[in-house]
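Engineer: Below you will find the structure I want to go over with you.
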Amino acid sequence: MSTLKIKKGDLVRVITGKDKDREGKVTSVDAKNHKVVVEGINMVTKHTKPSAQNQNGGIVHQEAPIDISNVMYVHKGKTTRVGFKIDGDKKVRVAKSTGEVID
9 MSTLKIKKGD LVRVITGKDK DREGKVTSVD AKNHKVVVEG INMVTKHTKP SAQNQNGGIV
69 HQEAPIDISN VMYVHKGKTT RVGFKIDGDK KVRVAKSTGE VID
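What follows is the structure, encoded as structure tokens:
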């Protein structure tokens, strides 16, 4: 399987959909289904039954996964595509707009 260009903890901007132009931090990545969960983006309401963690139950607001193709990495305040480069013996992510190493 190929390496994903977005990782947990990255700052991303949504480029399409109901949350277009909003930014947030990636909280989880599902590599198998190419989905990411972004803090405060794609909020949905979920009806929950009473349980040990939530005695009252009711309506809970939570983030739903969004397709990884609908977000772009934010580097120094601007969105950029991400590429890979071999740096010595390590494979590193590179911002395409500036050519700088991301991590």
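Just so we're aligned, residue 9 is where the sequence shown starts under my numbering, counting upward by one. Heads up, the beta-carbon is just placed ideally off N, CA and C, and yes, glycines get one too. Predicted model only: the values in this text are computed from it and were never measured.
#1: So, do the stretch 65-83 and the stretch 39-52 have three or more beta carbon pairs nearer to each other than 8 Å?
#2: Taking the beta strand (DSSP E) that residue 19 belongs to, which residues open and close that run?
#3: Going straight from the alpha carbon of residue 31 to that of residue 17, what length do you get?
#4: So, is residue 23 buried or exposed, given that buried needs 16 or more other C-beta atoms within 10 angstroms?
#5: In the DSSP output, which residue or residues are listed as bridge partners for residue 98?
#6: Which residues does DSSP pair with residue 108 in a beta bridge?
#7: So the candidates are 59, 83, 63 and 90; which of them puts its Cα closest to the Cα of residue 11?
#8: Identify, in the order they occur along the chain, each residue of the same chain with its Cβ nearer than 6 Å to the Cβ of residue 65, setting aside the five sequence neighbours on each side.
Structural biologist: In terms of the structure at hand:
#1: yes
#2: Numbered from its first residue, the sequence shown carries residue 19 at position 11. Looking at the DSSP string, the run of the beta strand (DSSP E) that includes residue 19 is 19-22.
#3: Numbered from its first residue, the sequence shown carries residue 31 at position 23. Numbered from its first residue, the sequence shown carries residue 17 at position 9. The straight-line gap from Cα to Cα measures roughly 12 Å.
#4: Numbered from its first residue, the sequence shown carries residue 23 at position 15. Residue 23 is exposed by the Cβ-count criterion.
#5: One-based indexing of the sequence shown puts residue 98 at position 90. DSSP lists 95 as partners of residue 98.
#6: Position 100 of the sequence shown, counted from the start, is the residue given in the question as residue 108. Beta-bridge pairing links residue 108 to no other residue.
#7: Residue mapping note: residue 11 aligns to position 3 of the sequence shown, counting from 1. Residue 90 is the option with its Cα nearest to residue 11.
#8: The count along the sequence shown starts at 1 and reaches residue 65 at position 57. Cβ neighbours of residue 65 beyond the five flanking positions: 56, 57 and 58.
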